[in-house]
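*Asks:*
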Amino acid sequence: MKKFLVFALASGAISHPLASSLVADTEIEIARSTEKQTVTSDVPASLKSFANNVVTENFVTSLGFPKAMTTLVDQEKATTHILIVTRDGELVVVDNNGEVSKFSLALDNLYTKGQGGVLDILIPSQFPASRTVLISYSKGRDDANRLAVVKGEFSLSSGITDIEPVIEVEQTKDTPVHYGGKLLQLERSDVSQAPSFLVTTGDGFDYREQAQVVSSQLGKVLGFSIAGKPLMNPTFPENPYVYTLGHRNPQGLVQGPHGQIFMHEHGPDGGDEVNLLQKGANYGWPVVTLGKDYSGARISPFSTYPGMTDPIVNWTPSIAPSSMIYYSHDQYPMLTDTLLVTSLKAKVLYAVNKTSSTYVSTKVFDKLEMRLRDIAVDHQGNLLLLTDGENAKVVKVSPKQNKAQ
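Note that this note's numbering numbers the sequence shown so that position 181 is 162, with each residue one more than the last.
#1: Unbroken beta strand (DSSP E) runs of length 3 or more, entirely within the stretch 163 to 201: which are they?
#2: Answer yes if the stretch 196 to 205 comes into contact with the stretch 223 to 230, meaning at least three C-beta pairs across the two stretches below 8 Å, and no otherwise.
#3: Which residue comes first and which comes last in the beta strand (DSSP E) that contains L28?
#4: Measuring straight from C-alpha to C-alpha, what distance separates S85 and L330?
#5: Tell me which residues share the same chain as P298 and place their Cβ nearer than 7 Å to its Cβ, disregarding the 5 neighbours each side in the sequence.
#6: Can you give me the Cβ contacts of Y275 inside the same chain, cut-off strictly under 8 Å, excluding the 5 residues immediately before and after it?
#7: Using C-beta distances below 8 Å, list every residue in its chain close to D311, excluding the 5 sequence neighbours before and after it, in chain order.
#8: For K357, which of helix, strand or coil comes out of DSSP?
#9: With distances taken from CA atoms, which of A357, F40, T42 is nearest D101?
#10: Helix, strand or coil for N256? Go by DSSP, reduced to three states.
#11: Let me know the secondary structure DSSP gives Q382 once reduced to three states.
#12: Bridge partners for E71 per DSSP, in chain order?
#13: Where does P314 sit, in a helix, a strand or coil, going by DSSP?
#14: Between N220, V376, G265, which has its C-alpha nearest P287's C-alpha?
#15: In whole angstroms, what separates the C-alpha of Q96 from that of P238?
#16: Once DSSP output is grouped into helix, strand and coil, what is the label at G370?
#17: Take the Cβ of A5 as the centre, count every other Cβ of all protein chains shown within 10 Å, and call the residue buried at 16 or more, exposed below.
#18: Name the two residues that bound the continuous beta strand (DSSP E) containing W296.
#19: Can you find the residues in the same chain that come closer than 8 Å, C-beta to C-beta, to G401, ignoring five residues on each side of it along the sequence?
#20: Assuming G162 and V147 make a contact with CB atoms under 8 Å, what is their CB distance in whole Å?
#21: What is the DSSP secondary structure of N33, counted as helix, strand or coil?
#22: Span of the beta strand (DSSP E) holding D143?
#23: Would you mind working out which of T290, H247, N263, Q259 sits nearest K273, comparing C-alpha positions?
#24: Might you give, ordered along the chain, the residues of its own chain that have their beta carbon closer than 7 Å to the beta carbon of S106, omitting 5 neighbours on each side?
#25: To the nearest angstrom, report how far apart M315 and V333 are at their CA atoms.
#26: Tell whether a beta-carbon distance below 8 Å holds between D184 and R127.
#27: Which first and last residues belong to the beta strand (DSSP E) in which T113 is found?
#28: Relative to the C-alpha of E71, which residue among L88, T319, N77 is closest?
#29: Thinking C-beta only, is T343 closer than 8 Å to L28?
#30: On the DSSP letters alone, give me the boundaries of the beta strand (DSSP E) that V158 sits inside.
#31: Give me the Cα-Cα distance between V195 and N263, rounded to the nearest whole angstrom.
#32: Work out the CA separation of T67 and G45 for me, nearest whole Å.
#33: Could you tell me the distance, in whole angstroms, from the CA atom of A192 to the CA atom of F186?
What follows is the structure, given as structure tokens:
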């Protein structure tokens, strides 16, 4: 904690009143609050029994270290194409019948060590009028690597071609971890506006103090246009790409029907969380955390702090959340208006929804007993779960009564 305070004061990362208060408060023994476990009361019985009313089938197998998945849904033709990107730079396209096509991604200086590699793929809502898609990945070398976002032209027959840079994190690092890299297109109230996007960036693990430094792009959510320019009316003119700050390793990123932006992120040993993002807000890391260092040492005495936004969900012990969708299909009425969160360490699909007083996290599916990397939905509203590792697969989860469809 002292190291952080010295760095923060020297760099101007924290305002003087806040810094002075932090220094004073470190002299006081403050018990870490692990009482913020998300409650599981008021959960509908239908949600608790979800796993007993579904069937699974392996839709795609033999995937080598997949990192992200998305879908192209055609409701008129009642078809779904699944797009998967793998760590080592391959695009896998699966048609409605399960037929697989594979394409190499021509990514400049792809860096695949540790948690690196291709990280996410986003198909903007303008598709197919515009065939531009976005990919995030780590690039560089052991002693200097960073997160990058590129764009390219996608077709079912050729994969992704004409790849061009969009935005890169300004700072390089010498650690192969904590990249973030999740992409989101912001829904627009005015269709005449240019599309706006967000991408999460991790703190690089050894650089966690940078999450509180506005001039750094580590430990942030960044906002940008398809041309790689910052969004209009930035909160921080000195670093106009910064949308929010104070993040450790932010992953799942989705927008709800009323414009809410939800993001989850990895804590250290404990303190995984879901945040409700507000432009310009500070989410606390590493000043605030409900987790401990992997050594067991305390990172910070604070579980909450004035001017820093608390999570809406906390998972302690850690579940290692990996991705997330906002489910709004009528295939599963019990899941309507629910965040569905995949997890790596816990090997569980969680539902997060709002009760009258709080957000509730519930385990809804753990039958696979495998690390879950990503989640998507097909044209029928069935769930598609992407597993993790060197021999991964896509599992379709559908209601029992629809087995014969």
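We put the CB at the ideal spot given by N, CA and C, even for glycine.
*Replies:* Taking the geometry as given:
#1: If only complete runs of 3 or more residues are kept, the stretch 163 to 201 shows the beta strand (DSSP E) at 177 to 182, in order along the chain.
#2: Short answer: they touch.
#3: Along the sequence shown, one-based indexing puts residue 28 at 47. No beta strand (DSSP E) contains L28, which is instead part of the alpha helix (DSSP H) from 26 to 29.
#4: Here residue 85 refers to the residue found at position 104 when the sequence shown is read from its first residue. Here residue 330 refers to the residue found at position 349 when the sequence shown is read from its first residue. As the crow flies, the alpha-carbon of S85 is around 30 Å from that of L330.
#5: Counted from its first residue, the sequence shown places residue 298 at position 317. Here the set comprises G251.
#6: Translated into positions along the sequence shown, residue 275 becomes position 294. Hits under 8 Å: P249, D250.
#7: Stepping through the sequence shown from its first residue, residue 311 is reached at position 330. Here D311 has T317, G362 as same chain residues with Cβ atoms under 8 Å from its own Cβ, once five neighbours each way along the sequence are excluded.
#8: Sequence index remark: in the sequence shown, residue 357 carries index 376 (1-based). It is worth fixing the name first, because residue 357 is Ala in this sequence and not Lys. Residue state, collapsed to three classes: strand.
#9: Counting from 1 along the sequence shown, the entry for residue 101 is found at position 120. It is A357 whose Cα lies nearest to the Cα of D101.
#10: As a position in the sequence shown, residue 256 is number 275, starting the count at 1. Strand.
#11: The residue you call residue 382 lines up with position 401 of the sequence shown. In this structure, Q382 counts as helix in the three-state DSSP scheme.
#12: Here residue 71 refers to the residue found at position 90 when the sequence shown is read from its first residue. Answer by DSSP bridge pairing, in chain order: S85.
#13: In the sequence shown, residue 314 corresponds to position 333, counting from 1. Correct three-state label for P314: helix.
#14: By 1-based counting over the sequence shown, the position of residue 287 is 306. Of N220, V376, G265, the residue nearest in Cα terms is G265.
#15: Position 115 of the sequence shown, counting from 1, holds the residue named residue 96. Position 257 of the sequence shown, counting from 1, holds the residue named residue 238. Approximately 32 Å between the Cα atoms of the pair.
#16: Your numbering for residue 370 matches position 389 in the sequence shown. DSSP places G370 in coil when its eight states are reduced to three.
#17: Working through the sequence shown from its first residue, we reach residue 5 at position 24. In this prediction, A5 scores a pLDDT of 30, lower than 50, which makes its location untrustworthy; the coordinate-derived value is nonetheless stated afterwards. Under this definition A5 is an exposed residue.
#18: As a first step, residue 296 is located in the sequence shown; it is residue number 315 there, counting from the start. For W296, the enclosing beta strand (DSSP E) has its first and last residue at 294 to 296.
#19: No information on residue 401 is available, as it lies outside the stretch -18 to 386 that the chain covers here.
#20: Sequence index remark: in the sequence shown, residue 162 carries index 181 (1-based). Sequence index remark: in the sequence shown, residue 147 carries index 166 (1-based). Not a contact, Cβ separation roughly 13 Å.
#21: Here residue 33 refers to the residue found at position 52 of the sequence shown. DSSP places N33 in helix when its eight states are reduced to three.
#22: For the purposes of this step, residue 143 is identified with residue 162 of the sequence shown, where counting begins at 1. According to the DSSP assignment, D143 belongs to the beta strand (DSSP E) that extends over 140 to 149.
#23: Here the question's residue 273 lines up with position 292 in the sequence shown. Here the closest residue by C-alpha is H247.
#24: Counted from its first residue, the sequence shown places residue 106 at position 125. Excluding the 5 residues flanking it on each side, S106 has same chain C-beta neighbours closer than 7 Å at Q166, in chain order.
#25: Here residue 315 refers to the residue found at position 334 when the sequence shown is read from its first residue. Here residue 333 refers to the residue found at position 352 when the sequence shown is read from its first residue. Cα to Cα, the separation comes out at about 12 Å.
#26: In the sequence shown, the residue the question calls residue 184 occupies position 203. In the sequence shown, the residue the question calls residue 127 occupies position 146. D184 is not a Cβ neighbour of R127, given a cutoff of 8 Å.
#27: As a first step, residue 113 is located in the sequence shown; it is residue number 132 there, counting from the start. Counting along the chain, the beta strand (DSSP E) containing T113 begins and ends at 113 to 122.
#28: On the sequence shown, position 90 is the one that residue 71 refers to. That would be L88, whose Cα lies nearest to the Cα of E71.
#29: Within the sequence shown, residue 28 is the residue found at index 47, counting from 1. Within the sequence shown, residue 343 is the residue found at index 362, counting from 1. Against a cut-off of 8 Å, the Cβ pair of T343 and L28 comes out as a contact.
#30: Residue mapping note: residue 158 aligns to position 177 of the sequence shown, counting from 1. V158 -> no beta strand (DSSP E), and no H or E assigned at all.
#31: For the purposes of this step, residue 195 is taken as residue 214 along the sequence shown, with counting starting at 1. For the purposes of this step, residue 263 is taken as residue 282 along the sequence shown, with counting starting at 1. Roughly 10 Å separates the two Cα atoms.
#32: One-based indexing of the sequence shown puts residue 45 at position 64. One-based indexing of the sequence shown puts residue 67 at position 86. Distance between the alpha carbons of G45 and T67: 7 Å.
#33: Counted from its first residue, the sequence shown places residue 192 at position 211. Counted from its first residue, the sequence shown places residue 186 at position 205. Their Cα atoms are separated by approximately 10 Å.
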